[in-house]
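Chemist: Top line first, the protein sequences correspond to chains A, B, C and D. Number 60 in this note's numbering belongs to position 60 of the first sequence; there are no gaps in the numbering. Numbers in this note's numbering are just positions in the second sequence, counted from 1, shifted up by 1000. Numbers in this note's numbering are just positions in the third sequence, counted from 1, shifted up by 2000. Numbers in this note's numbering are just positions in the fourth sequence, counted from 1, shifted up by 3000. I am attaching a structure below and will ask some questions about it afterwards.
4 protein chains.
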Amino acid sequence: MIKKEREQVFRDPIHGYITVSYEIITEIIDTQVFQRLRRIRQLSGVSMVYHGAEHSRFSHSLGVYHNANRFLEVPDLRNTLTEREKLLFLSAALLHDVGHGPYSHAFEDIFGVDHEKIGARIIVENKELRNVLNKVDADFALDIASIILKQGKFPLLEQLISSQLDVDRLDYLLRDAYFTGTAYGNIDIDRLIRVMRIKNGQVVFKVSGIHAIENYLISRYHMYWQVYYHNVSRAYEVILEKTYLRIKDLLEEGYKFKADVSALKEVINNPNNLDYYVLIDDFYINGLLASFLNAKDEILKTLSSDFLNRNIWGYLDVNSKNEEKISEIKNNMSDTERRYFTESRTVYQSTYKDEATKLGDKIYILLEDGSVKTLFEESKMIESLSQSGSKLDLKFFYRKKWKNRYM
Amino acid sequence: MIKKEREQVFRDPIHGYITVSYEIITEIIDTQVFQRLRRIRQLSGVSMVYHGAEHSRFSHSLGVYHNANRFLEVPDLRNTLTEREKLLFLSAALLHDVGHGPYSHAFEDIFGVDHEKIGARIIVENKELRNVLNKVDADFALDIASIILKQGKFPLLEQLISSQLDVDRLDYLLRDAYFTGTAYGNIDIDRLIRVMRIKNGQVVFKVSGIHAIENYLISRYHMYWQVYYHNVSRAYEVILEKTYLRIKDLLEEGYKFKADVSALKEVINNPNNLDYYVLIDDFYINGLLASFLNAKDEILKTLSSDFLNRNIWGYLDVNSKNEEKISEIKNNMSDTERRYFTESRTVYQSTYKDEATKLGDKIYILLEDGSVKTLFEESKMIESLSQSGSKLDLKFFYRKKWKNRYM
Amino acid sequence: MIKKEREQVFRDPIHGYITVSYEIITEIIDTQVFQRLRRIRQLSGVSMVYHGAEHSRFSHSLGVYHNANRFLEVPDLRNTLTEREKLLFLSAALLHDVGHGPYSHAFEDIFGVDHEKIGARIIVENKELRNVLNKVDADFALDIASIILKQGKFPLLEQLISSQLDVDRLDYLLRDAYFTGTAYGNIDIDRLIRVMRIKNGQVVFKVSGIHAIENYLISRYHMYWQVYYHNVSRAYEVILEKTYLRIKDLLEEGYKFKADVSALKEVINNPNNLDYYVLIDDFYINGLLASFLNAKDEILKTLSSDFLNRNIWGYLDVNSKNEEKISEIKNNMSDTERRYFTESRTVYQSTYKDEATKLGDKIYILLEDGSVKTLFEESKMIESLSQSGSKLDLKFFYRKKWKNRYM
Amino acid sequence: MIKKEREQVFRDPIHGYITVSYEIITEIIDTQVFQRLRRIRQLSGVSMVYHGAEHSRFSHSLGVYHNANRFLEVPDLRNTLTEREKLLFLSAALLHDVGHGPYSHAFEDIFGVDHEKIGARIIVENKELRNVLNKVDADFALDIASIILKQGKFPLLEQLISSQLDVDRLDYLLRDAYFTGTAYGNIDIDRLIRVMRIKNGQVVFKVSGIHAIENYLISRYHMYWQVYYHNVSRAYEVILEKTYLRIKDLLEEGYKFKADVSALKEVINNPNNLDYYVLIDDFYINGLLASFLNAKDEILKTLSSDFLNRNIWGYLDVNSKNEEKISEIKNNMSDTERRYFTESRTVYQSTYKDEATKLGDKIYILLEDGSVKTLFEESKMIESLSQSGSKLDLKFFYRKKWKNRYM
């Protein structure tokens, strides 16, 4: 764990200076698989609605690393974690999203991959990155992968990386609010860190910080509905899914693409081939989409044009009132059209749930007498919100002007 | 309603430039009774906890005026209010707090005054201000007073000035958050104004803004508990009340004050004498407190010293667990000590209630089909919070080191 | 000039809500050539240094439109411009960057295009856009083009769009500072707008705003050296130029690209073919770069790898001290290597110059007595900075680890 | 130097959390002489122009302490200062303004006191404070006083507390900009701290931070002219001075004040009596001013009314053009009127000077080769600004409506 002679810094619009003091962290950042995250947008199609949201997973990953660094200011962590554990924590924070693909959600749905599993494999199998991680020790890469997969070997670090209130969420809520320009992501991260304690290997928060936690959970809830689940974003997500679907179908049919789809083809045929997987990023997909504007296949042409030229699809709530209308739309389409130009999708978000049984799924509160309770027991506000403050939204998306520019 | 040749501007840290385009508004601001608000802090003793909160009711009043100006951007208001009504709205916004006294809450409690009634009387009876207002017309002052007293003559303007979501709250939550440095007052005022409509003389908000309203109500709730009802602030409030009480008692006893308490004496003897009332501000009271540090009366000396030198009183939750402790504290005091050095106080805040029957006590939501519902009916989150998100807090305050510096 | 029934809004992190009230503006935004700006980053390679700077020319163009809208608050403009001129101003602001290519500076250098001329041609010749603009009148597109080309037909609008202090700079300085997270772009735009006047068809600023102007010029100067001319950004710019150069050379040689470079080929062969030009954006170029990682041509492979995997080139000040070192580097290279792996580049920025003779190149100050002077005559600070505060920087860039990953 | 078991924090709107980890610092803050700073506004009469500027020297002093704490992050300081020196630095930062009086500038002018000398004496002589400081050691108070008086015993600490770029200025520029709402105080404090080094006992800044220094100096210059030297603020300052002058004259005449002016009288008669000096604060003076509204002395009544009710005095540039006008104003007044209702005042501010010979009056730049140069030698911008960017302003202030409300 060699400390750098001179700290490296990144100027970050959210956190100010992000400081790197371990040599190994710089080397991880410099690997090709990490630099690749510059080419994958954090919020996929959200920028079609909030034009400022053009930031990448690279920025976010640095921010998560920075939060991990700040968590290490908490005396209970600073004083008890070993030097190796600290470095493990920082590295896992930095690498937690390394397995993401372009427009990840749609990509995972159609091609059946899981970014956490792929991320863990990249950490272990990518030669350049593994060589860096081996400088700590031979198990270091495996331990990072284990944390990302939540295998229970480092329960405390797993909680810090991924739970109801973790280094990841404390970056993306702030960052996404900043870049979208929305007012909802205002989270008192200083206070949350100040009231954080570790009790029996469990992250707990002093009761004096309960308002900051309530505020965080409600901000999160509002960010979901205002930004992440914005209807127009979801419509773009559907267009992308359909494009992926069409590519997949065409590859199976043996269609001859003018564009170079070899990497995508390799990934579909052999999902274990990480060398091709890492070639696929927003640049690659967007390059394909642009070239599809000249494709012979009309469906591919239409879908990519819809995406690039913002031909927003229509959407309807799926309910008895709209039943007839939805049927009519479907009936006016051919089977092929229905396959590529309609979709039903559900999103769901609660402010907070207490049902969970997995580690890190509950927030715990440290009372003044030293006892620990769940957030539910201490915050009536959150208890009641966990029921009322949940929202499920089922929508039917469909291509509106079916005969337009291209088709 | 003469427009100024050249707009006057105030640079405001919350709203940027505050613009005045009516001559009459400038003249109101220049009156002595309005300038007096510079000498009354917005948050009384809160600055003892949040040291940044040293801003005055003058700043806040300008901010409320500015919000009124922004509300007039709402087409439903801009296009339907007459020029006189607009000016009435702006003037009432500016003057809504003109009746406040120093450390208002404690002052009102002990001296039995009501700042809204006094404010209305100042507007009507203060010569300098009345002369200004008469330039519009002879009824103008009376109409402003009527709005502040909520007499029902201008129901729409009354709602805009004082309701669950009004020009007043939209300034003080933002302003108090800014000056205290807390992260809770982040309210999307732009969005709230954008979704505001008037329907049958009633302020309503389009359903697309419901997240902004939820966020506002929850921010407000958190500001109350984190700032306005902070225990240490409340303790200072009690010390001030006791000081006022001691002054009142001593005046009745005929005690000879070294300091000039004549204005206070006049107000107590003849609450109708506004000429003396307006002389009483923070400067006046703080001047008295400072001079009381040399008073012969030990109680007065002690109380003013406690306030000025931050001798924070103790406080205990009033509950069965503390019953014995509270009794013991009281039993160790003489009757005089109990009168001046102990107090029980309750504060209460809910996120939002739907029980209210007064105009402006409910928030209404305009649905896409044009129908209007209450916020309760549309927001499950707020419905559930109205029950759970209410908090009542009863505390016993007492002077801790009863024998200290002075006594 | 049909006003929209209901204003359209864009949520912008810099300006809050950006409001569109003319139908025609919405239609311009919806054209494919304008949407294309989403796919061209505002700051090309700067994001390799400031990772937050991933915003597009689309965001910037909306911001420039918004500033134009704010300029129309200036009474001298609001009251004298005709409705058509206002719309012309807004449209020109929105479209001023429509001709930009990907990594524009390098692109223009190698392929010999000029984004303003191309922009003007797109406005006049692109069918979809022209159809929209024709809805105003048949000359509308021509007049916008004329403003962008500064042909002198609309001297006032030309100044507002492009001068020392215009709607363009007032967006990009603020926006680039926000996204990079630097503290230098803090400009008091509210004050600048407040003190703006029109005098004999000339933009002037009241002398009371001179500090705001000084601050703006110095902020601009610092943004140039801290951000736009950052050495590492410039190094990336050089890599890109060399990549473009290699593509051009290979096309001339008849090299067979695996990737689809047809659009680029068409543009090189026939720069007048706008249909191909608009297909070329960051997505297209980045797609090419990614595919070049597998190219047979080693130089192409190396250059694209240098760019994508952040293999930063070295740089040296060109001065007598480094003369020998630079010669040595060059001498160790073959002619081919020298052509593709070395470059000398100069950048220059002054705070402000008064030499200029073109319209809009001077800032004019309106004194209290109604006379007009140049900024030089009124601000000693700026006068002296115009000499001292200029900086010329000549650097030699070269590929450092010439034998690396690929070659 | 006992560290606290549990850090104390203050929530600050500028710096976020201000952390106290030494017990002694808490005890200093709790002394009466330090709490007194809550009752002295940082910017005296500036709030009459910028209504937000109502913050106290207490807030500022905490901010200066915080900056000192941040400077201790600089490795050259953290690793070389002894624990006692660190505590000395923090304490001196906290106490540097403890000697300020109300509306300090006017107060010092009329009563012939110097806030730094008085501050040093309070630190040494005030019993409560001295008892606290003695807990470190018997010389601790003397050493703090020595630093504040710049006696050369701790040259490095003196520079850090008071120089061209010190903990004091780095708070007040940021804080005053925040509370006034101006855009000029934007200083990159993070970067300045990052590039700070100590070289031969001298504070130096790495050349890579030169833009941040330039920006700081120019921001400072603009803050002076936009805020501190605002003409209307200066006019209020003059009114206050005249009020102090009238009090002084009346005391000498043996005038019988209704208000309790004993503390002021004692300070005038015996400037060595600190017990009375510390009783005098804004509350005391404002209490007097309010009571003077009922004074028999017409001049006192007039001056206090001018101040409290914002009867702004006129001002004219002192130059040949205005010579006659100024003479006329003076000639229309009696001797008494001239004494109390006219004044000529000069203010001067340069961006930066290099003439100074005192320690800390130059900023030094550390070049990459390890050599040290002055800022002048390295920054052409600052060199030229030191001449041109200086401004001297001589104004004649006079009471305009000499026969008004009261007289």
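Where is the CB? At the ideal position from N, CA and C, for every residue including glycine.
1) Would you verify that the beta carbon of D/Leu-3385 is, or is not, closer than 8 Å to some beta carbon of chain F?
2) What's the gap between the Cα of B/Leu-1149 and the Cα of D/Val-3064?
3) Could you tell me the alpha carbon to alpha carbon distance between D/Asn-3332 and D/Thr-3342, rounded to whole angstroms?
4) Taking C-beta pairs closer than 7 Å, name the residues in chain B that C/Asp-2190 reaches, listed in chain order.
5) So if I threshold CB-CB distances at 9 Å, which residues from the stretch 3228-3259 of chain D count as touching chain B?
6) I want to verify the contact list: residues of chain D whose CB lies under 9 Å from the CB of C/Trp-2225, in sequence order.
7) Would you grab the beta carbon distance between D/Ser-3061 and D/Leu-3088 for me? Rounded to a whole angstrom, and I think it's under 8 Å.
8) What are the partner residues of A/Tyr-276, as DSSP defines its beta bridges?
9) Considering only their Cβ atoms, is the gap separating D/Tyr-3050 from B/Arg-1011 smaller than 8 Å?
10) For chain C, check one thing: does any of its Cβ atoms lie closer than 8 Å to the Cβ of A/Phe-10?
11) Spatial neighbours of C/Arg-2246 within its chain, please: C-beta separation below 7 Å, excluding the five flanking residues on both sides.
12) Please work out which residues of its chain come closer than 6 Å, Cβ to Cβ, to C/Ile-2329, disregarding the five sequence neighbours upstream and downstream, and give them in chain order.
13) Alpha carbon to alpha carbon, what distance is there between C/Asp-2361 and D/Met-3407?
14) Determine contact between the stretch 1129-1136 of chain B and the stretch 1026-1045 of chain B, defined as no fewer than three beta-carbon pairs at a distance below 8 Å.
15) Excluding the 5 residues preceding and the 5 following B/Leu-1133 in the sequence, name in chain order all residues of the same chain whose CB lies nearer than 8 Å to its CB.
16) At a cut of 8 Å, does the stretch 3200-3207 of chain D reach the stretch 3267-3285 of chain D through at least three beta carbon pairs?
17) Which of the three DSSP states is assigned to D/Lys-3199 in this structure?
18) Whose CA, out of A/Asp-317, A/Asn-286, A/Phe-283, A/Tyr-277, lies closest to the CA of A/Gly-119?
19) Sort out for me which residues DSSP pairs C/Val-2009 with in a bridge.
20) Mind checking which residues open and close the beta strand (DSSP E) that includes A/Leu-366?
21) Could you tell me which residues DSSP puts in a beta bridge with C/Arg-2078?
22) Check whether the Cβ of A/Gly-119 lies closer than 8 Å to any Cβ atom in chain C.
23) Thinking C-alpha only, which one of B/Ala-1106, B/Val-1098, B/His-1105, B/Ser-1056 is nearest B/Glu-1116?
24) Would B/Ile-1365 and B/Glu-1378 qualify as a contact pair, given that the criterion is a beta-carbon distance under 8 Å?
25) Using 8 Å as the Cβ pair cut-off and three pairs as the minimum, do the stretch 1176-1186 of chain B and the stretch 177-193 of chain A touch?
26) Which residues share a DSSP beta bridge with C/Ser-2344?
27) Compare the beta carbon distance of B/Phe-1307 and B/Tyr-1236 with 8 Å and say whether it is the shorter of the two.
28) Compute the Euclidean distance between the alpha carbons of C/Ser-2021 and A/Asn-286, then round it to the nearest angstrom.
29) May I ask which residues mark the beginning and end of the beta strand (DSSP E) holding B/Val-1372?
30) Beta-carbon of A/Arg-197 versus every beta-carbon of chain D: anything under 8 Å?
31) In three-state terms, what does DSSP make of C/Gly-2099?
32) Whose C-alpha, out of A/Ser-146, A/Asp-166, A/Val-232, is nearest the C-alpha of A/Gly-45?
33) By the 10 Å Cβ neighbour count, where 16 or more other Cβ atoms means buried, how is A/Asp-369 classified, buried or exposed?
34) Could you compute how far the alpha carbon of C/Asp-2176 sits from the alpha carbon of A/Asn-200?
35) Name the chain A residues whose beta carbon is nearer than 7 Å to that of D/Arg-3078?
36) Report yes or no: is there a C-beta of chain A within less than 8 Å of the C-beta of D/Arg-3070?
Modeler: Reading from the atomic positions:
1) Note that chain F does not occur in the displayed structure, where the protein chains are A, B, C and D.
2) 46 Å
3) For D/Asn-3332 and D/Thr-3342, the distance between alpha carbons rounds to 12 Å.
4) Gly-1016, Tyr-1017
5) Lys-3258, Ala-3259
6) His-3211
7) Between D/Leu-3088 and D/Ser-3061 the Cβ distance is about 16 Å, and since that is not below 8 Å, they are no contact.
8) Paired residue(s): none; A/Tyr-276 is not in a bridge.
9) A contact, by the Cβ cut-off of 8 Å.
10) Yes, A/Phe-10 counts as interfacial toward chain C.
11) Leaving aside the five residues that flank C/Arg-2246 on each side, the residues in its chain whose CB is nearer than 7 Å to its CB run, in chain order, Ile-2299, Leu-2300, Leu-2303, Tyr-2340.
12) Tyr-2398
13) The predicted model places D/Met-3407 with a pLDDT of 38, which falls under 50 and marks its position as unreliable, so this point remains unresolved.
14) yes
15) Ile-1024, Ile-1028, Ser-1091, Ile-1123, Phe-1140, Ala-1141, Ile-1144, listed in sequence order.
16) no
17) strand
18) A/Tyr-277
19) C/Thr-2019
20) Here the beta strand (DSSP E) through A/Leu-366 covers 364-366.
21) The partner list for C/Arg-2078 (beta bridge, DSSP) is empty, contrary to what the question assumes.
22) no
23) B/Val-1098
24) Taking 8 Å as the Cβ cut-off, B/Ile-1365 and B/Glu-1378 qualify as a contacting pair.
25) A contact is defined here as three or more CB-CB pairs under 8 Å, and the stretch 1176-1186 of chain B meets this definition with respect to the stretch 177-193 of chain A.
26) C/Phe-2396
27) yes
28) Their backbone Cα atoms lie some 32 Å apart in a straight line.
29) 1372-1374
30) no
31) coil
32) Nearest C-alpha to A/Gly-45: A/Val-232.
33) exposed
34) 46 Å
35) Neighbours of D/Arg-3078 on chain A: none; closest Cβ ~13 Å, over 7 Å.
36) no
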